[in-house]
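Quick notes on the structure that follows.
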Amino acid sequence: MGNFGFRISDFGFISIRNLQSALRNRLLMVVSFTVILISSCNTDPKKPGYEFMPDMYRSTSYETNSVNPLFSDSMTERLPVAGTIPRGDFVPYPYPNTTEGYEAAGKEWKNPLEKTDANLAEGKRLFEIFCIHCHGPEGQGNGSIVANGKFPPPPAYNGQLKDLPEGKMFHTLEYGKNMMGSHASQLTQKERWKIIMYVQTLQKLAGAPAPADTTKKG
Amino acid sequence: MKTFSLPIFSLRFFVATLFCFLSINNGFAQPDGEALFKTNCTQCHSVGKGVVIGPDLKDVHKRRPQDWIIKWVHNSQTVVKSGDKYAVDLFNKFNKTVMTPFNLKDEEIKSIVAYIKTESEKAPVAAKGPAAGAEEKKGGNTFLYLLIAAVVLYVVIRMVSRVQRAMEKVLRHRHGLPEPVPVKATKRFVTWARNNKKLVAVILIVLFVLGNVKGWYLLAGIGISQGYQPDQPIAFSHKIHAGDNGINCKYCHFGAEKGKTAGVPPANVCMNCHKFIKEGSITGKEEIAKIYKALDYNPETQTYGPNKKPIQWVRVHNLPDLSYFNHSQHVKVAGVECETCHGNMAEEGVANQYAPLTMGWCIDCHRRTPVKMEGNHYYDEYHKKLLAKFGSDSLITVERIGGTECARCHY
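Chains as they are written, first to last, in this note's numbering: chain Z, 2 to 219; chain V, 162 to 572.
Next comes the structure, spelled out in structure tokens:
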């Protein structure tokens, strides 16, 4: 390289001039490219990574949510056969999804569970999973989704729904009502009764008016 | 000779600095009108989504002058009492519901109106298609940007070195130095390498070490899909659902307390909210329409058809068949929080694998986690025996009730 070559006087010192020459020799280019190549593999989050002998990773049996060629809708999860009921303390719900059914449930359908502290505590816990985001922590229709302005506020338990009988609440959980959908697939009958038990304590809450009322009074 | 190297160096430095600045993500700050609107107004008003408690504020800037709006927001009753016809009519139309007086500055109200204005103009456009720039889809372009940067840098360096060579030539010519004999690139490289043995050695050692380290991690990562975050058929955001809207994990993954799998929620659970919410905050109507399509649901008539087609979500966590895992045992019996194994999904967005799901990871947790004894009366006798065996003040970990035995998970 004659005039334009360079020497390294020390391991720790490479002058800019040296770097330029090195670049011209494409060595550093090659090096940096290799480093980029090496470091860029295996970091794509869209790929599950490498598998060694994957025979046990990919289950041959059908798993809960896996695709199933045996059914026309390709789902492994099946609904119970029509007309069958689960073993245990399940009671078929006798009222149809009509206004008459709603009224009849309100009069006749009663909570079979005893009002114990354990049931109430479990009801509260379940309420905080399944209801709180719309109905709010005290059932006043001010849950987090409502507060975000994404969902219309449901009526307050201690307001408009103060005297709602437990049978009607169960009916609503079974079929849904107005903006509220059915929660029958998420909650067993027992769980529903526990939630209703807790909601009944919220119905008795006095004082604090619903947020809608606050705005009315200014 | 030193004279040319300096400007060339500074040119390269300039290019490098330029790239540094270009790569900084300069997102636009949201006007605080939006935040003000959301904290103060959305309880009673929407923009383009109909009456909530008060009127829909879409195009309110066209209906009313700004001064009037400011007066109204400060105290609507003084406006009504002043006999303003529009105000009186509005008050009567909404059953004499009094709007809360807001102690906001004029500037703040103006920014809210500006926000309503932009929202009013945006509303029909958003209905056409998804809003661009879904937050979750960022990140994939980093490599592309790097590549473009590398190409541009290469071109610049080539150009600069050409210029340098030309200048050297001119200089040589001026000083009457002989033209160097052209040498082949490979030969030039070999000569250079011979002259710089130490540098070559350093580079080789660095490459060797890097390669080993990288190779080690590559091998150690076999079968571990930590961080796996595949594209899903619906651009579902956990951040919006569990984070912003505060929905409990177990509302949708209600299987976590009851069975082996936490479960992908069936589409009827989506419909509990999406019967009403037809437009997402990031992706507009497109993604939510996929739920309707899967259920053959007609949002206009609110009826379901017969042509249901399940949504094929891509599985993220896949524990091999050789080990048994049950959600209810961990979530319900042991009371482990979802976050322990799944991270804070409320901030994560797209579903991803937070935990390594290796056996070491399972065992580590079983060794340090105490057994949840309270409220489990069925095992009261057994728990007493355990405390007698290990000492009443000792920690009864999962390991001590056999949580690290092979057959606990492998059978």
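For glycine and all other residues, C-beta sits at the position ideal for the given N, C-alpha and C. None of the values given here were measured: they were computed from a predicted structure.
Asked, Found
"Z/P55, DSSP secondary structure in three states", "helix"
"Buried or exposed by the 16-neighbour rule on C-beta atoms within 10 Å, applied to V/Y247", "exposed"
"Min CB distance V/T422 to chain B below 8 Å", "Absent from the structure: chain B. Protein chains present are Z and V."
"For V/T530, three-class secondary structure by DSSP", "coil"
"Secondary structure, alpha helix (DSSP H): runs of 4+ residues fully inside the segment 81-161 of chain Z", "100-109, 118-131, 133-136 and 145-148"
"Per-residue burial, V/N406 [other beta carbons within 10 Å of its own, 16 or more giving buried]", "buried"
"Minimum Cβ-Cβ distance from V/G407 to chain Z less than 8 Å", "yes"
"Coil, strand or helix - V/G376 by DSSP", "helix"
"Within chain Z, the residues that V/I438 reaches when beta carbons sit closer than 9 Å", "I146, K151 and F152"
"Contact residues within the segment 380-395 of chain V, judged by C-beta distance below 7 Å to chain Z", "G382, I383, G384, I385, S386, G388, Y389, Q390, P391 and D392"
"Interfacial residues, the segment 59-83 of chain Z to chain V, with Cβ spacing under 9 Å", "R59, S60, T61, S62, E64, T65, N66, S67, V68, D74, S75, M76 and E78"
"At least three beta-carbon pairs within less than 8 Å, the segment 106-119 of chain Z to the segment 161-170 of chain Z", "yes"
"Where Z/M198 meets chain V, residues with beta-carbon distance less than 7 Å", "Chain V residues near Z/M198: none, gap ~18 Å exceeds 7 Å."
"Cβ neighbour criterion (16 or more within 10 Å) applied to V/W377", "exposed"
"Buried versus exposed, by CB contacts within 10 Å (16 or more), Z/N98", "exposed"
"Contact set for V/P467: own chain, Cβ-Cβ below 7 Å, skip 5 residues either direction", "D457"
"Proximal residues to V/K451 (C-beta, below 6 Å), its chain only, five neighbours per side dropped", "I395"
"Cutoff 8 Å: Z/Y51 Cβ touching any chain V Cβ", "yes"
"Straight-line gap, V/K411 to V/E280 (C-alpha atoms, nearest Å)", "34 Å"
"Entirely enclosed alpha helix (DSSP H) segments - the segment 210-275 of chain V, minimum 4 residues", "221-224, 227-235, 237-242 and 246-254"
"Cβ-based neighbour list, V/R569, same chain, cut-off 7 Å, excluding 5 preceding and 5 following", "G563"
"Other residues of its chain near V/I385: CB distance less than 8 Å, five sequence neighbours each side excluded", "P517, L518 and T519"
"Cutoff 6 Å; reference V/S184; Cβ partners in own chain excluding five residues on either side", "In this prediction, V/S184 scores a pLDDT of 40, lower than 50, which makes its location untrustworthy; no coordinate-derived value is stated."
"Cβ of Z/E167 within 8 Å of any chain V Cβ", "no"
"Whether V/D482 touches Z/S60 by CB criterion (8 Å)", "yes"
"Near-chain Z residues of the segment 452-474 of chain V - C-beta to any C-beta below 9 Å", "K469, K470, P471, Q473 and W474"
"Pair within 8 Å by beta-carbon distance, V/S207 and V/D193", "no"
"Chain Z within 8 Å of V/F415, Cβ atoms only", "yes"
"Any chain Z beta carbon closer than 8 Å to V/D482", "yes"
"Collapsed DSSP secondary structure at V/Y572 in the structure displayed", "coil"
"Neighbour list for V/N479 in chain Z, Cβ cutoff strictly below 7 Å", "Y58"
"Spatial distance of Z/G142 from Z/M181 (CA atoms)", "12 Å"
"V/N159 - DSSP class collapsed to helix/strand/coil", "Shown here, chain V extends from 162 to 572; a query on residue 159 of chain V therefore has no answer."
"Beta-carbon separation (whole angstroms), V/R561 vs V/L547, contact threshold 8 Å", "7 Å"
"V/C567 at chain Z interface by Cβ criterion, 8 Å", "no"
"Neighbour flag for V/M432 against chain Z, beta carbons, 8 Å", "yes"
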